[in-house]
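In our numbering, the protein residues as written are 1 to 315. Glycine included, C-beta positions come from ideal geometry on N, C-alpha and C. Let me begin by presenting the structure, written as structure tokens, before commenting on it.
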């Protein structure tokens with residue numbers, strides 16, 4: 001299933017809740033078949049577009065749900081809201097409301113990319129009865145580890161690129177240096193896929209959520225996520241988790257390792273040819289890995305396997 005064909009499938013809807021209006025798309029039948037998977041996009045501040053290729057998971061009868069988080073894409077942007085409005089609890093409340101609205105709180109999987117994985121983890125620590133599993137792609141457990149590791153990657157860049165990144169954003173060469181970092185550690189696929197460009201374009205049009213929650217670039221996590229740390233709460237997660245990251249990922253193996261060690265029922269797949277977007281850099285491998293994991297959970301009716309079974313070494 002191509003991204004273009006995926007956009008022609010399913011149905012659109014709007015969730016009205018206390019925070020505003022949230023746009024969503026469902027692909028497949030939510031009322032039958034395997035437990036649906038709800039896809040949480042990254043950022044905070046991106047849109048669902050760059051993840052639409054995952055609609056191919058619905059080819060086997062599993063429904064997929066995509067949505068644009070509040071403040072982004074097709075959802076309400078709330079230009080009147082103060083910076084303090086945009087918080088992790090806000091997006092957690094939105095996710096809960098969406099699950100209830102769709103009538104799937106009794107059984108569902110969460111697939112989160114980057115920040116979307118952090119959001120999925122926040123919900124999982126509450127041990128909701130219907131959550132069957134987590135797929136955490138390119139996510140981390142602590143902001144301080146992420147910042148330290150991104151700093152190390154930046155230090156490994158060529159001298160000229162590193163010098164340009166140290167200057168103000170309006171300096172000549174800064175944008176080119178940012179592109180050089182992105183090409184190494186965010187998306188290695190060339191040309192950059194259209195769905196990724198659409199998402200980045202949406203962020204440029206309205207960067208409010210991204211700048212407030214994450215900061216102005218990938219190099220220094222700031223804003224409301226600066227001190228985010230879930231390491232001491234990972235023991236509360238009671239469902240199996242599949243961890244995915246790329247060999248060249250800005251979320252480095254050292255950052256993902258904290259999740260792997262903290263989640264007693266986790267398996268980690270390291271994609272050797274990918275950076276931060278293995279779902280577009282190695283799409284067939286990504287979808288096959290996720291589909292097999294979800295099918296295994298469904299076969300066990302959502303019961304967590306033993307940690308010896310699901311915990312594996314990075315390969």
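Please report the straight-line C-alpha distance between residue 86 and residue 209, rounded to a whole angstrom.
7 Å
Looking only at its own chain, which residues have a Cβ that is under 8 Å from the Cβ of residue 251, when we skip the five neighbours before and after it?
114, 138, 139, 140, 146, 149, 245, 276
In the structure shown, what three-state DSSP assignment does residue 314 receive?
Residue confidence is low: residue 314 scores 41 on pLDDT, short of 50, so the model does not pin down where it sits. Its coordinate-derived value is still stated next. Coil, per DSSP.
Can you tell me the Cα-Cα spacing of residue 31 and residue 159, whole angstroms?
56 Å
Between residue 228 and residue 88, how many whole angstroms is the CB-CB distance? I'm expecting something under 8 Å.
7 Å
Do you know offhand how far residue 204's Cα is from residue 299's?
43 Å
Which residue from 45, 57, 50 puts its Cα closest to that of residue 292?
57
Decide if the stretch 42-49 is in contact with the stretch 194-202; the criterion is three or more beta carbon pairs, one per stretch, under 8 Å apart.
yes
Below 8 Å on the Cβ atoms is my contact criterion, and I expect residue 102 with residue 123 to pass it. Report the Cβ-Cβ distance as a whole number of Å.
Contact flag wrong, Cβ pair sits at about 14 Å.
Name the residue from 93, 162, 185, 92 whose alpha carbon lies nearest to the alpha carbon of residue 174.
162
With a Cβ-Cβ cutoff of 9 Å, do residue 42 and residue 116 count as a contact?
yes
Please specify which runs of the alpha helix (DSSP H), each continuous and at least 4 residues long, are wholly inside the stretch 132-211, giving them in chain order.
143-155, 159-166, 174-185, 194-205
By DSSP's criteria, residue 241 is part of a beta bridge. Which residues make up the other side?
134, 266
May I ask you to report which of helix, strand or coil DSSP gives residue 228?
coil
Counting C-beta neighbours from all protein chains within 10 Å, is the total for residue 25 16 or more, i.e. buried, or is it exposed?
buried
Between which two residues does the alpha helix (DSSP H) holding residue 276 run?
Residue 276 -> no alpha helix (DSSP H), and no H or E assigned at all.
Sorted by chain position, which residues of the same chain lie with C-beta nearer than 7 Å to residue 236's C-beta, five sequence neighbours on each side aside?
Closer than 7 Å at the Cβ level, and outside the excluded window around residue 236, lie 125, 127.
Hey, out of 19, 28, 80, 68, whose CA is closest to residue 61's CA?
28
Short of 8 Å in beta carbon distance, which residues of its chain neighbour residue 308, apart from the five on each side in sequence? Order them along the chain.
Because the pLDDT at residue 308 is just 34, under 50, the model does not fix this residue reliably, and the value given afterwards should be weighed accordingly. So no residue of the chain qualifies.
Are the CB atoms of residue 37 and residue 294 within a distance shorter than 9 Å?
Cβ distance < 9 Å, so residue 294 and residue 37 count as in contact.
Using 9 Å as the threshold, is the C-beta distance between residue 187 and residue 112 below it?
No, they are not a contact pair.
So, with DSSP's three-state summary, where would you put residue 296?
Helix at residue 296.
Using the C-alpha atoms, what's the distance from residue 118 back to residue 297?
21 Å
Can you name the residues that DSSP bridges to residue 17?
20
Can you tell me where the alpha helix (DSSP H) with residue 116 in it begins and where it stops?
115-124
What are the boundary residues of the alpha helix (DSSP H) that includes residue 37?
No alpha helix (DSSP H) contains residue 37, which is instead part of the beta strand (DSSP E) from 37-40.
Could you say which of 80, 98, 84 lies nearest to residue 23 if we only look at CA atoms?
98
Using DSSP's beta-bridge definition, name the partner residues of residue 66.
25, 39
Go through its chain and collect everything with a Cβ distance to residue 221's Cβ below 7 Å, but skip five positions before and after it.
143, 146, 147, 214, 215
For residue 12, which beta-bridge partners are listed by DSSP?
25
DSSP three-state call for residue 30: helix, strand or coil?
Here DSSP, grouped into helix, strand and coil, assigns residue 30 to coil.
Do you know how far the Cα of residue 201 is from the Cα of residue 343?
Nothing can be reported for residue 343, as the shown portion of the chain is limited to 1 through 315.
Look up residue 45 in the DSSP assignment and say whether it is helix, strand or coil.
coil
Where does residue 45 land, buried or exposed, given buried means 16+ other C-beta within 10 angstroms?
Burial call: buried.
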